[in-house]
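Protein chains in written order, with the working numbering: chain A, 1 to 281; chain B, 1 to 667. Just so you know, even glycine gets a beta-carbon here, dropped at the ideal spot from N, CA and C.
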Amino acid sequence: MKTGLYPGCSLTGSARDYNESVSALAEAFGLELIQIPDWNCCGATAAHNLNKELSLALPARILALAEKNGLEEIVVPCAACYSRLVVTQHELKKNPELKNRISEVIEMDYRGTSRILNVIEWIDKYIIPLLPEKITKPFNYKVACYYGCLLVRPNKVLNYDRAEDPQTMDIVMTKIGAQPVDYPYKTECCGAGFSISRTDIVSKLSGKIIEDAEYRGADAIIVACPMCHSNLDMRRPDINKYWKTEFKIPVIFVTQAIGLAIGLSPEKVGLKRHFVDVKIS
Amino acid sequence: MARIGVFVCHCGENISATVDCGKVAETIGKLKHVVLSTEYKYMCSDPGQTLIKEAIKEHNLTGVVVSACSPRMHEPTFRKACAEGGLNPYLCEMANLREHCSWVHEKNELTTEKAIDIVRTQVEKVKLNSALQPIKVPVTKTAMVIGGGIAGIQAALDIANTGHKVVMIERSPSIGGHMSQLSETFPTLDCSQCILTPRMVEVAQHPNITLYTYAEVESVEGFIGNFTVKVRKKAKSLDEKLCTGCGLCTTKCPQKKIPNEFEQGMGMRPAIYIPFPQAVPNRPVIDREHCTYYIKGKCKICEIVCPTKAIRFDQPDEIIELQIGAIVAATGFDIKHADFFPEYGYGRYKDIIDGLQFERLASASGPTSGVIKRPSDGQIPKNIVFIACAGSRDPAKGIAYCSKICCMYTAKHAMLYKHKVHEGKAHVFYMDIRSGGKNYDEFVRRAIEEDHVNYIRGRVSTIYERNGKLIVKGVDTLLSSMPVEIEADMVVLATAGVANSGAEELAQKLHISYDSHKFFAEAHPKLKPVETNTAGIFLAGACQNPKDIPDSVSQASGSAVKVAALFSQNELTREPLVAVVNRMGPPLHSTCVGCFLCQAVCPYQAIEREDIKTRDGKVLKSLAKINEGLCQGCGTCVALCRSKSIDLHGYSNNQVYAEVVALLNEY
Ligand SMILES: Cc1cc2nc3c(=O)[nH]c(=O)nc-3n(C[C@H](O)[C@H](O)[C@H](O)COP(=O)(O)OP(=O)(O)OC[C@H]3O[C@@H](n4cnc5c(N)ncnc54)[C@H](O)[C@@H]3O)c2cc1C
Ligand code: SF4
Ligand code: SF4
Ligand code: SF4
């Protein structure tokens, strides 16, 4: 089956490394990913704070485009975009009137039939079954899997994993030979969108996340969200300044870790783009 | 010629707020055969009932329709009033204008029209009612109490002391329930064992009480005054008459590593065990699931050491059948355990325990002899956190209700801790302090003011371990929602009280209702808190909802009075609303063709076989016959009978047709 891909802005901007690793995996495992033609912004954190209709119309247009192009299933690697898309589908399913209204706004037919996968679901469905034969360099490291907020919340809507103590990423990591540490900070807030307006808050919150991962002896923090990644990786100098220390632990996308385990080069999975040096491969 | 009287009730404003009662009375008054149609504010009150009684005489009524609330509420009231007015009570019907109309609709003409329709159906029905006589059934004056916690114990003793026989069924090897596990009890801090164990002994020794422990109800049939209960006595693998309770076997059993239920898993017990030293009866049972002999076929050490040769490995479960007049369900409750909470590590951290585990740590007879030692390494915690409402009052966790007992026992726990560890610090995270009850709030204040327990109003979001400490992260909502972080040595969760395991199955066996949380349902939340919807079955204690000891005991005594009242009668009258298979003269005898399909569908085994015989004893025909003592009037057989030979008194086919036709006809 063809799977649609919604990259969203991060994967084409600050998280090109993530994008490269997703593409690299798709190529390595022979999976077809079709970028949704003419896709638009999902509304991110801004839209739903300003205008409810807009915040639903933007994702609805993306989903309608997927439907129009016969993409019954789409993968959304960015956890924030994923959340916006699933929430929209949920809201419009609940409220047929609103659904009709949104169809009018976007001037497109919207049915709400596409199945939306986050990156872990996509990996579980297409990569895990083929993984055992492909592993050439087991990812033999201790890892702290950091889920952040949007991958598993709101649980009632996403209906994915356990909101308070998620496990899915940990399980994926064990499949490539890594040893997940018991990590209580896996869903603590990284500071999210404050990255830009209140770097001090991000420094404080993300710093705790990093500190605890190092304390538990992890060699790397594994993430599945560009926002988490930029806070933990790109903001590292600010964090180190705030905490007056030198946190060294690298932050790696789950797709990058898998890529390394099947023998892809660090460049191929975008590791060279990181701010914090990844010395582990 | 029928002469029907119709009485429309306002039910205060419950009906009249949306239904035009005057119009209903007026319209119905114009119907054929209705000789009187009137309205009144409260028909069930004394003047209301007098109105009916007098009208019966004055208008020589042959039938009465009271248009008021649900018959479940007041049918007995109005039937009794009719009887007092000289009318056969079964010539009185109720039209339900409240639950079926006024409460569920808005005020408008359609609502009044619907009310008129409801009354019309009953007017047509009552014209076809026949004068019925109540059925008399004998009462078996033996009560069964299911569950031997404090509630069951109290109910059993109270009933037994009125001179009636009681059978107590307890599924564990000893009676005592949760109270036997408690250390000291709020609000007085008296020792739980000291007030409980004498009563346990009293149960065992009471001449009117027969105690079956390690036993469970298998099935219940029959009805009020006449239940037949099958009880499974699980094999204790022991001849109880020979066993002296010396306990030698329990000390020699090589299988020693079984988590001790009584100690909430904080101690170990052997496969042959007495649950706790003060157990009643003080005899061991073999836990066959863990016994080496039952697993591997070898061992039998207990048999060898037993001085009286009391061990019986081949003892089977025994099913006994008992005739019972009334049943008290007192099967108690359970609590959620620490593994219910993902945010607190799903039970991964040894030093996060639940309230019952804390009771055992604080108990002089517990695994630490009453010294508060934490499970992981036996250290005395210097900093302890109690979390109230763990799971309760949280719809996201599926438990929306308040567990009622935990505010109080949390205060007790914090206090007990401070009394034992003087230099220690105790913190309580709470949502609200719910301490309604005699001397209850004073008790909580004492914990705060005299024992200096630090109460923090706010929830705990997560607990994790670091550096050998449990990091408790929460919020103080009285300190402008400041985040709070406490490094604790031990955490006690006041986990939600939930229905006991097996509650749903038991309710189904007893045919009693239960709520969505599987707590047993009372017949009326205010006026019948002790009764169930099934006549002759009563509730006591925490099987209805989480309750403390005083509430459990009060309700138990209440249920005992209900049983005693029932047993004060020699005969019970039952509603004659039962099915009958028609009979007629020979040669037909009945239209029943003897297919006995009805026998197979009757849920109450009420259908028997009657042989019509010639004088010389030759069977001419076998016909179905309904045992009116057993029939519950469900009507299943009526619907099934292909030759239309069965009819239901009070709900005959003709009556039901008349109701339907009334709705189809203009008026
Ligand atoms: C941690 C904690 C501390 C507490 N502290 C206090 C306190 O200080 N003061 C206070 O007033 N209250 C306290 N309580 C409340 C108290 O425990 C209850 O009020 C009391 O136990 C209720 O008694 P019960 O007989 O209704 O139920 P239970 O004590 O639960 O007894 C029920 C009995 O029925 C048996 N049973 C269950 N199912 C079946 C079945 N199907 N067939 C046969 N038998 C069955 C069980 O084995 C048990 O013996 C506390 C509760 C907890 C959890
Ligand atoms: S036979 Fe069973 S109960 Fe008896 S001593 Fe052996 S293990 Fe224990
Ligand atoms: S009794 Fe107190 S601790 Fe228990 S659920 Fe109610 S409010 Fe919460
Ligand atoms: S009405 Fe018929 S089926 Fe129902 S209980 Fe009576 S005999 Fe049995």
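Query raised in the report: What is the rounded straight-line gap between the Cα of residue 30 (chain A) and the Cα of residue 85 (chain A)?
Result: Within the first sequence, residue 30 (chain A) is the residue found at index 30, counting from 1. Within the first sequence, residue 85 (chain A) is the residue found at index 85, counting from 1. Cα to Cα, residue 30 (chain A) sits roughly 26 Å from residue 85 (chain A).
Report task. Pick out the complete alpha helix (DSSP H) segments inside the region 37 to 67 of chain A, 4 residues or longer, and give them in chain order. Result -> Qualifying alpha helix (DSSP H) stretches, in chain order: 44 to 50.
Query raised in the report: Do you know whose CA, among A:139, A:80 and A:62, lies nearest residue 219 (chain A)'s CA?
Result: Here residue 219 (chain A) refers to the residue found at position 219 of the first sequence. Considering only A:139, A:80 and A:62, the residue with the shortest C-alpha distance to residue 219 (chain A) is A:139.
Requested in this report: Report the option in B:634, B:580 and B:586 whose CA atom is closest to the CA atom of residue 609 (chain B).
Outcome: If you number the second sequence from 1, residue 609 (chain B) lands on position 609. Residue nearest to residue 609 (chain B) within the set B:634, B:580 and B:586 is B:580 (criterion: CA-CA distance).
Query raised in the report: If residue 254 (chain A) and residue 120 (chain A) are in contact, beta carbons under 8 Å, what's the gap, nearest whole angstrom?
Result: Start at 1 with the first residue of the first sequence, and residue 254 (chain A) comes out as number 254. Start at 1 with the first residue of the first sequence, and residue 120 (chain A) comes out as number 120. Contact holds; Cβ gap of about 7 Å.
Requested in this report: Compare the C-alpha of residue 438 (chain B) against each of B:127, B:64, B:188 and B:92 and name the closest.
Outcome: Counting from 1 along the second sequence, the entry for residue 438 (chain B) is found at position 438. Closest option to residue 438 (chain B), Cα to Cα, is B:188.
Query raised in the report: To the nearest whole angstrom, what separates the beta carbons of residue 487 (chain B) and residue 471 (chain B), a pair I think is in contact under 8 Å?
Result: Locating residue 487 (chain B) in the second sequence gives position 487, where the first residue counts as 1. Locating residue 471 (chain B) in the second sequence gives position 471, where the first residue counts as 1. Contact between residue 487 (chain B) and residue 471 (chain B) holds, with the beta-carbon distance rounding to 6 Å and staying under 8 Å.
Query raised in the report: When Cβ atoms are compared, which residues of the region 147 to 169 of chain A fall closer than 7 Å to chain B?
Result: 162, 164 and 165: these are the residues of the region 147 to 169 of chain A whose beta carbon lies less than 7 Å from some beta carbon of chain B, given in chain order.
Query raised in the report: Cβ of residue 565 (chain B) within 7 Å of any heavy atom in ligand 1?
Result: Here the question's residue 565 (chain B) lines up with position 565 in the second sequence. For residue 565 (chain B), the distance from the CB to the nearest heavy atom of ligand 1 is not below 7 Å.
Query raised in the report: Can residue 441 (chain B) be considered in contact with ligand 3, in the sense that its beta carbon sits closer than 7 Å to one or more heavy atoms?
Result: As a first step, residue 441 (chain B) must be located in the second sequence, where it is residue number 441. The answer is no for residue 441 (chain B).
Query raised in the report: Which bits of chain A does residue 464 (chain B) rub up against, with CB to CB less than 9 Å?
Result: Position 464 of the second sequence, counting from 1, holds the residue named residue 464 (chain B). Residue 464 (chain B) reaches chain A at 182, 183, 184, 185 and 212, counting residues in chain order whose Cβ is nearer than 9 Å.
Query - Below-8 Å beta-carbon distance, residue 349 (chain B) vs any chain A residue - result: Position 349 of the second sequence, counted from the start, is the residue given in the question as residue 349 (chain B). Taking Cβ atoms only, chain A never reaches closer than 8 Å to residue 349 (chain B), which makes this a no.
Query - Any C-beta of chain A under 8 Å from that of residue 113 (chain B) - result: Within the second sequence, numbered from 1, the residue matching residue 113 (chain B) stands at position 113. No - not a single Cβ of chain A is within 8 Å of the one on residue 113 (chain B).
Report task. Return the first residue and the last residue of the alpha helix (DSSP H) that residue 637 (chain B) is part of. Result -> Walking along the second sequence from the start, residue 637 (chain B) turns up at place 637. Taken as a continuous stretch (DSSP letters only), the alpha helix (DSSP H) holding residue 637 (chain B) covers 636 to 640.
Requested in this report: Assuming residue 181 (chain A) contacts residue 217 (chain A) (C-beta within less than 8 Å), just tell me the rounded distance between them.
Outcome: Taking the first sequence and counting its residues from 1, the one referred to as residue 181 (chain A) is at position 181. Taking the first sequence and counting its residues from 1, the one referred to as residue 217 (chain A) is at position 217. For a cut-off of 8 Å, the C-beta gap from residue 181 (chain A) to residue 217 (chain A) is around 6 Å, short enough to register as a contact.
Query raised in the report: Taking one C-beta from the region 30 to 50 of chain B and one from the region 91 to 104 of chain B each time, how about it: are there three or more such pairs within less than 8 Å?
Result: Counting Cβ pairs under 8 Å, fewer than three are found: no touch.
**Report entry** Start-end ranges of the beta strand (DSSP E) lying completely within the region 416 to 481 of chain B, minimum 3 residues
**Finding:** Whole beta strand (DSSP E) segments, 3+ residues: 425 to 430, 454 to 457, 460 to 466 and 469 to 476.
Report task. Could you tell me which chain A residues have their CB closer than 8 Å to the CB of residue 342 (chain B), listed as they occur along the chain? Result -> For the purposes of this step, residue 342 (chain B) is taken as residue 342 along the second sequence, with counting starting at 1. Contact of residue 342 (chain B) with chain A by beta-carbon distance below 8 Å involves 162, 163, 164 and 165.
Report task. Kindly indicate if chain A contains any beta-carbon less than 8 Å away from that of residue 346 (chain B). Result -> Stepping through the second sequence from its first residue, residue 346 (chain B) is reached at position 346. With 8 Å as the cut-off, residue 346 (chain B) counts as an interface residue toward chain A.
**Report entry** alpha helix (DSSP H) runs contained entirely in the region 60 to 146 of chain A, provided each spans 4 or more residues
**Finding:** Whole alpha helix (DSSP H) segments, 4+ residues: 79 to 94, 96 to 106, 119 to 122 and 131 to 134.
Query raised in the report: Looking at the unbroken beta strand (DSSP E) that takes in residue 656 (chain B), where does it start and where does it end?
Result: Sequence index remark: in the second sequence, residue 656 (chain B) carries index 656 (1-based). It is not in any beta strand (DSSP E) - residue 656 (chain B) instead sits in the alpha helix (DSSP H) that spans 653 to 664.
Query raised in the report: Which value, in whole angstroms, describes the spacing of the CA atoms of residue 434 (chain B) and residue 412 (chain B)?
Result: Position 434 of the second sequence, counting from 1, holds the residue named residue 434 (chain B). Position 412 of the second sequence, counting from 1, holds the residue named residue 412 (chain B). Within the model, the alpha-carbon separation for residue 434 (chain B) versus residue 412 (chain B) is close to 13 Å.
Query raised in the report: Excluding the five sequence neighbours on either side, which residues of its own chain have a C-beta within less than 8 Å of the C-beta of residue 69 (chain A), listed in chain order?
Result: Numbered from 1 along the first sequence, position 69 holds the residue referred to as residue 69 (chain A). Listed in chain order, the non-local C-beta contacts of residue 69 (chain A) below 8 Å within the same chain comprise 4, 34, 36 and 37, local neighbours out to five positions each way being set aside.
Query raised in the report: Comparing alpha-carbon positions, which option in B:220, B:347, B:307 and B:576 lies nearest residue 242 (chain B)?
Result: Along the second sequence, read from residue 1 onward, the residue named residue 242 (chain B) stands at position 242. Between residue 242 (chain B) and the set B:220, B:347, B:307 and B:576, the nearest pair of CA atoms involves B:307.
**Report entry** Distance CB(residue 153 (chain B))-CB(residue 27 (chain B)) smaller than 8 Å
**Finding:** Here residue 153 (chain B) refers to the residue found at position 153 when the second sequence is read from its first residue. Here residue 27 (chain B) refers to the residue found at position 27 when the second sequence is read from its first residue. Their beta carbons are not under 8 Å apart, which means residue 153 (chain B) does not touch residue 27 (chain B) by this criterion.
**Report entry** Alpha-carbon to alpha-carbon, residue 125 (chain A) and residue 348 (chain B)
**Finding:** Here residue 348 (chain B) refers to the residue found at position 348 when the second sequence is read from its first residue. Here residue 125 (chain A) refers to the residue found at position 125 when the first sequence is read from its first residue. When rounded, the distance between both Cα atoms is 30 Å.
Query - Contact under 8 Å by Cβ, residue 213 (chain B) with residue 180 (chain B) - result: For this step, residue 213 (chain B) is matched to residue 213 along the second sequence. For this step, residue 180 (chain B) is matched to residue 180 along the second sequence. It is not a contact, given that the beta carbons lie outside the stated cut-off.
Query raised in the report: DSSP on residue 316 (chain B), reduced to helix/strand/coil?
Result: Taking the second sequence and counting its residues from 1, one reaches residue 316 (chain B) at position 316. Residue state, collapsed to three classes: coil.
Query raised in the report: Under the three-state reduction of DSSP, which class applies to residue 622 (chain B): helix, strand or coil?
Result: Walking along the second sequence from the start, residue 622 (chain B) turns up at place 622. Of the three classes helix, strand and coil, the one that applies to residue 622 (chain B) here is strand, per DSSP.
Query raised in the report: Going by the beta-carbon positions, is the gap between residue 11 (chain A) and residue 19 (chain A) smaller than 8 Å?
Result: Locating residue 11 (chain A) in the first sequence gives position 11, counting from the first residue. Locating residue 19 (chain A) in the first sequence gives position 19, counting from the first residue. Their beta carbons are under 8 Å apart, which means residue 11 (chain A) touches residue 19 (chain A) by this criterion.
Query raised in the report: When DSSP builds the beta bridges, which residues end up paired with residue 105 (chain B)?
Result: In the second sequence, the residue the question calls residue 105 (chain B) occupies position 105. Per DSSP, none; premise fails for residue 105 (chain B).
Requested in this report: Flag this pair as touching only if the region 211 to 226 of chain B and the region 287 to 294 of chain B have three or more C-beta atom pairs under 8 Å; answer yes or no.
Outcome: Too few Cβ pairs lie closer than 8 Å, so no.
Query raised in the report: The beta strand (DSSP E) spanning residue 179 (chain B) covers which residue range?
Result: Within the second sequence, numbered from 1, the residue matching residue 179 (chain B) stands at position 179. No beta strand (DSSP E) holds residue 179 (chain B); DSSP gives it neither H nor E.
Query - Runs of alpha helix (DSSP H) wholly within the region 514 to 594 of chain B (minimum 4 residues, chain order) - result: Complete alpha helix (DSSP H) runs here, min 4: 549 to 567.
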